[in-house]
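Undergrad: Heads up: the sequence lines are chains A and B, in that order.
So the first sequence is numbered by the numbering used here: it starts at 1 and just counts up by one.
So the second sequence is numbered by the numbering used here: it starts at 1 and just counts up by one.
Glycine included, each C-beta is placed from N, C-alpha and C at the ideal position.
Given the structure is predicted, the values throughout are model-derived calculations rather than measurements.
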Amino acid sequence: MSRFAVRAIVAVWILMLAAAAWQLPQTQWQSSILTFLPSSDDAQDSQLLHRNPANQHIRLVLTGGDAQAYQIFAHSVQAQPIELQWLNPVSEMHILRDNYRAFSGVLTSDQDYQRLVNNDYQGLIDQAWQQLSSPMPTTVSHLRTDPLMLAEAFVQQGEPAWQDIHSFGFTIQSEPLVWLMIATLQGDGFDRSYAATLVEAVATATQQMQMHYPDARVATSGVVFHTAEAAAQAEWEINTFGVLSFIGVVGLLWLCFGHLKSLALASAVLIVALSSGFAVVVLVFDTVHLIALVFATTLVGIAVDYAIHGMLAAGQGTNAFQRMLPHLRLGVLTTLMGYIALWLLPFALLQQVAVFIGSGIVFAYIAVHLGFRRFMGQSSLQVRDWVRTAAQAYHRRWSRVTSQSARVLIVVFGVGAVGLVGYLEFDDNVVRLTQSSQSLLADEREVQERLQARDTASYWLVQQTLSLQEMLQQQEQLRQRLSAIDAIQQWQMLADQLPSAIRQQATQEALMSLWDSTAGREYLAELGLPAPRQRDHWLELADLPAGIQQLVQQDERGWISFIQIQSQPGWDIEELALPANMQWFLPLDDAGEALGELRQQLYQWLAVALVVALLMLAWHRGWLIAVSGIVYLIFVLVSALSVSQWLTGPLHVFHLVAVILVLSLAIDYLVFFSSPLKASSMHIAIKLSALTSILAFGMLYFSSTPAISSFGLTILIGVSVAAFLAPVFTRIRSEANV
Amino acid sequence: MKFNPRLVSLVIGWLLIVGATTGMTVDRSEQDLPTYRLEAGRVVFVQTKHLQGIPRPLVSRGYVELSAERVEWVTETPVFNRIIVTPQGVHEQKSDVEQRISGSESVGQLMLALLNHDYEYLQHYFRVQPTQQDCLLLTPSREPLTSFYQTITACGNEHLESVELQETQGSRTSIQFHVEQD
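#1: Does chain B have any CB closer than 9 Å to the CB of A:Gln130?
#2: So B:Ala124 contacts chain A; which residues on that side make the cut at Cβ distance below 8 Å?
#3: For A:Pro727 and A:Leu409, I'd like the C-alpha separation in whole angstroms.
#4: Just the C-alpha distance for A:Leu544 and A:Val362, rounded to the nearest angstrom, thanks.
#5: Measure the alpha-carbon distance for A:Leu663 versus A:Ile715 and round it to whole angstroms.
#6: Name the chain A residues that come within less than 9 Å of B:Thr48, Cβ to Cβ?
#7: For A:Leu424, which residues from the same chain have a beta carbon less than 6 Å from its beta carbon, with the 5 sequence-adjacent residues on both sides left out?
#8: Helix, strand or coil, according to DSSP, for A:His142 in the structure here?
#9: When Cβ atoms are compared, which residues of the region 520–536 of chain A fall closer than 8 Å to chain B?
#10: If you reduce the DSSP assignment to three classes, tell me which class B:Ile54 lands in.
#11: Mind checking if B:Thr151 is an interface residue toward chain A, Cβ cutoff 9 Å exclusive?
#12: With a threshold of 7 Å on Cβ separation, who are the neighbours of A:Gln564 within its own chain once the five nearest residues in sequence on each side are excluded?
#13: Per DSSP, which residues does B:Ser162 bridge with? Please list them.
#14: Is there a Cβ from chain B that is less than 9 Å from the Cβ of A:Leu143?
#15: Please return the same chain residues whose Cβ sits closer than 6 Å to the Cβ of A:Leu826, not counting the five positions on each side in sequence.
#16: Per DSSP, A:Asp555 forms a beta bridge with which residues?
#17: Please state the DSSP three-state secondary structure of A:Val383.
#18: Mind reading off the beta-carbon distance from A:Gln186 to A:Gln85? Whole number of angstroms is fine, and I expect it under 8 Å.
#19: What are the boundary residues of the beta strand (DSSP E) that includes A:Ala234?
#20: Enumerate in chain order the residues of its own chain whose CB-to-CB distance from A:Gln489 is below 7 Å, with the five nearest sequence positions on each side excluded.
#21: Might you give, ordered along the chain, the residues of its own chain that have their beta carbon closer than 8 Å to the beta carbon of A:Leu283, omitting 5 neighbours on each side?
#22: Quick one: is B:Ser171 near chain A, going by C-beta distance under 9 Å?
#23: Any contact between the region 94–112 of chain A and the region 141–149 of chain A? By contact I mean 3 or more CB pairs, one from each, below 8 Å.
#24: Would A:Arg144 and A:Gln28 be called neighbours here (beta carbons separated by less than 9 Å)?
#25: Beta carbon of A:Phe673, beta carbon of A:Ile686: below 9 Å?
#26: Among residues of its own chain, excluding the 5 on either side of B:Pro131, which ones have a beta-carbon nearer than 6 Å to its beta-carbon?
#27: Give the list of continuous alpha helix (DSSP H) stretches no shorter than 4 residues that lie fully inside the region 302–344 of chain A.
#28: Are the region 196–206 of chain A and the region 398–415 of chain A touching, with three or more C-beta to C-beta distances below 8 Å?
#29: Looking at the structure shown, is A:Asn581 part of a helix, part of a strand, or coil, going by DSSP?
#30: Hey, how far is the Cα of B:Ile175 from the Cα of A:Phe154?
#31: How many angstroms separate the CA atom of A:Phe347 from the CA atom of A:Val281?
#32: Let me make sure I understand the geometry here. Which of A:Pro25, A:Ser221, A:Val117, A:Ile485 has the alpha-carbon closest to that of A:Ser437?
#33: Can you check whether the C-beta of A:Thr63 is within less than 9 Å of a C-beta belonging to chain B?
#34: Contact criterion: CB-CB distance below 9 Å. Does B:Trp127 meet it with respect to chain A?
#35: Quick one: which unbroken alpha helix (DSSP H) runs of 4-plus residues sit fully inside the region 511–553 of chain A? Chain order, please.
#36: Quick one: Cα of B:Lys49 to Cα of B:Leu145, how far?
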């Protein structure tokens, strides 16, 4: 390659890093695994997930203190510069009441509306007299516009709970005093920096409170707290695993090579690979997942393989280096194949891993290819004598294996793989992929218990319509169906607070008929009231407090609303018939199904990858190596899965993702051990490669995220088995060459 | 749990009415609040409502029946109306069916706490001060009561004799009580 071409490649690389550095401040960082789960319509579902009110609220329960303690906390947390809207129930209630009062006369409960349209005038009048005779105050009805006080029942039907309220929130228990504070997120609850700011604000306010009231504490509830914790954990793991992998790899290289130059070369390749992978991910994706970067730390283990192959070959001179390059390219291609498979899957998290590692290994190869030319034949790139001696001894041991024994071993692999496949068991429950800390889960439980929601099943319906009025009418129909189901305890929907314009108009028309009737005229006469005047404008969304307006959102496709339904546990949601534009919002169930589909896709990809590997090996090495190689690969994959299952329970999709990577590494070993390169050198290169991979991937086993941990464990087992058994191909190769 | 503010006022009414059969005494000192004692019996009431927007007062009559874990408010004229409070909540009689008012459990519990001499409740929700002779002025100190009532005045001598509820919307309700003699 000409000097100009080399400079051009370096210039492109520097430009790419510069562009990524420019793009970096605009990049969003997320850490919840749920936001990157696969689905048929990823973007839309992700948008819905973000819009779900359950993900947009935080709830804080204050215990162990008195009102003064809680006020210190409330003042402090509300003074923090965070994009949050704290619920002030007092002002919300006043706004709601004032507007209901202004529109009393067109607001009715479902029950009263039915009596009105059924002309049960006397029944409604008797009911009004009962209310007028009771000692209870009128809350919203204005008697001149609503002589029957129908708005009172409307308020009772749909108004939010205002029990024991104050400007900071709710008193949910008076002895000992317990407060509830609620806030709506104005930022993205899945965004790392937003979540971290919020958590810090709550922590600061808690500290201020505890300075004066050490027993007072705050229990938190909300997805944003899990986001912050997952982000902090992911950051810690990226740094720790990245540094430990790097130290481990450098230590191993020092042990084997004992020269600073070899360490510098390997480190340079790693830096090029990591910086390139990171830059490409930042340039390709607007939102980067921190868990993807945790996976991506394993690039250290793969990229250093190329450096080791390069250094060992370069140490032997230009010819050896040139002979090695085609095999390295084949190894890069097969590894790349595995990551391209990941990239093509509809799973944004894995796509980011694939882009990071895929581009990292391409640049690692380029670095070896272009950068190592200056160091040909240098003794500093030779391994220490004891390593060479050990490798030769190991090679001699394998040399004793006859070709017949090697064939028998391949048959044993085949039988073993078939036997173990039946043992494999999968579970697609998405909850198994992620795990919040015990303290955070205890907080969630405490908040649920304080709000007495523990024995209640909660469901969300998502409704999408072209117009707001269509939405409200549909909700009014839904409400009737919900009322008829005994297991339904309560619900929250916009139509409870805002009747459709058609409903308001129909109410007014029916009331006009009532006032024209004899019973109506007599009632008004007894009270000394004139007939109410007709109204020509209706209660609208803008008249409601901000907290209620958030029940609905508008975008370019129309209106979206979430309806919360609480039922007795065990209620079958199929009992409720839904219109076409209303569906259950069950992100965890949907994700489980999607993971099941993804698993099927991964099976297909594995099958395709094995067929491609078979054809490539047949082309380069002949059919004997190809067929026995495929048997070896299947055995490696199945044994990795079986041991993982034995150690950690049923498998999930990340175990399969791991075996895709094991496959690409095992093909790498297969390619080199079946090549005509010097066997003892290969033993050194492959064993060092395997050890570095084990170091990098094995580190992931210690991740607190179950998905990452099982991924690391499976690769650790797979790579160990693959590296241990791969030398058998030096024997089969000999036979094939004969 | 949903909570109907109207029920709060009902509770207040009852709270005061309970005094009619319990020998409520009015002390001048906030620290020495009168004690209410629930005793079984019937109290007759006459209620006069001056409603904002209605030119003439509305008069209704009925009785309150008290027992240890149950309170009945029965209006006899001009229309019959019966409401029952138990620890499980407030029930309204509609036609021949008793319907529990949604989210009224806490009201029932509040009621019972009051009847069981839990004065922390009273102090929790009101600023209590004596006014003229034999009267006690209760000023709501907490939402949502402050949204409905400006003041509640309870007057009596040996027993509670009258209650006046001044609503924030301008309406005023006076209730006179008489212990029914056997």
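TA: Taking the coordinates as given:
#1: The C-beta of A:Gln130 comes closer than 9 Å to at least one C-beta of chain B.
#2: The sequence given here has His at residue 124 of chain B, not Ala. Residues of chain A passing the Cβ test: Ser174.
#3: Approximately 12 Å between the Cα atoms of the pair.
#4: A:Leu544 and A:Val362 have their alpha carbons spaced roughly 57 Å apart.
#5: C-alpha separation (whole angstroms): 10 Å.
#6: Near B:Thr48 there are no residues of chain A at all, since even the closest Cβ is about 11 Å away, more than 9 Å.
#7: Taken in chain order, the residues that qualify are Leu641.
#8: Per DSSP, reduced to three states, the secondary structure at A:His142 is coil, with no helix or strand assignment.
#9: Going along the region 520–536 of chain A in chain order, one finds Leu527, Gly528, Leu529 with a Cβ nearer than 8 Å to chain B.
#10: Reduced to three states, the DSSP call for B:Ile54 is coil.
#11: Taking Cβ atoms only, chain A never reaches closer than 9 Å to B:Thr151, which makes this a no.
#12: Excluding positions up to five away in sequence, the list reads Ser458, Trp460, Trp491, Gln492.
#13: Note: B:Ser162 sits in a beta bridge opposite B:Cys155, B:Gln176.
#14: For A:Leu143, the nearest CB of chain B lies under 9 Å from its own CB, placing it at the interface with that chain.
#15: Given that chain A is displayed from residue 1 to residue 738, the structure contains no residue 826 of chain A and the question cannot be resolved.
#16: A:Asp555 pairs with A:Gly558.
#17: It is coil, neither helix nor strand.
#18: About 6 Å separates the two Cβ atoms, so the contact holds.
#19: Here A:Ala234 belongs to no beta strand (DSSP E); instead the alpha helix (DSSP H) covers 223–257.
#20: Taken in chain order, the residues that qualify are Thr456, Gln566, Ser567, Gln568.
#21: The beta carbon of A:Leu283 is closer than 8 Å to those of Met16, Ala19, Ala20, Gln23 in its chain, skipping five residues each way along the sequence.
#22: Yes, contact with chain A.
#23: Touching, yes, given that three or more Cβ pairs across the two stretches are closer than 8 Å.
#24: Contact: no.
#25: Judged by beta-carbon spacing, A:Ile686 lies within the 9 Å limit of A:Phe673, meaning their Cβ atoms are closer than that value.
#26: Looking at the sequence provided, one finds Thr at residue 131 of chain B rather than Pro. The beta carbon of B:Thr131 sits closer than 6 Å to those of Leu137, all from its chain and outside the five residues before and after it, given in chain order.
#27: The qualifying runs are 318–344.
#28: With a cut-off of 8 Å, the region 398–415 of chain A and the region 196–206 of chain A do not count as touching, because too few Cβ pairs lie within range.
#29: In the structure shown, the three-state DSSP call for A:Asn581 is coil.
#30: Looking at the backbone, the Cα of B:Ile175 and that of A:Phe154 are separated by about 27 Å.
#31: Cα to Cα, A:Phe347 sits roughly 15 Å from A:Val281.
#32: Of the listed residues, the one whose Cα sits closest to A:Ser437 is A:Ser221.
#33: Interface criterion not met: the Cβ of A:Thr63 is under 9 Å from no Cβ in chain B.
#34: Reading the sequence as shown, one finds Arg at residue 127 of chain B and not Trp. Output row for B:Arg127: interface = no.
#35: Those alpha helix (DSSP H) runs which fall completely within the region 511–553 of chain A and span 4+ residues are 518–527, 546–549.
#36: Counting only the Cα atoms, B:Leu145 lies some 19 Å from B:Lys49.
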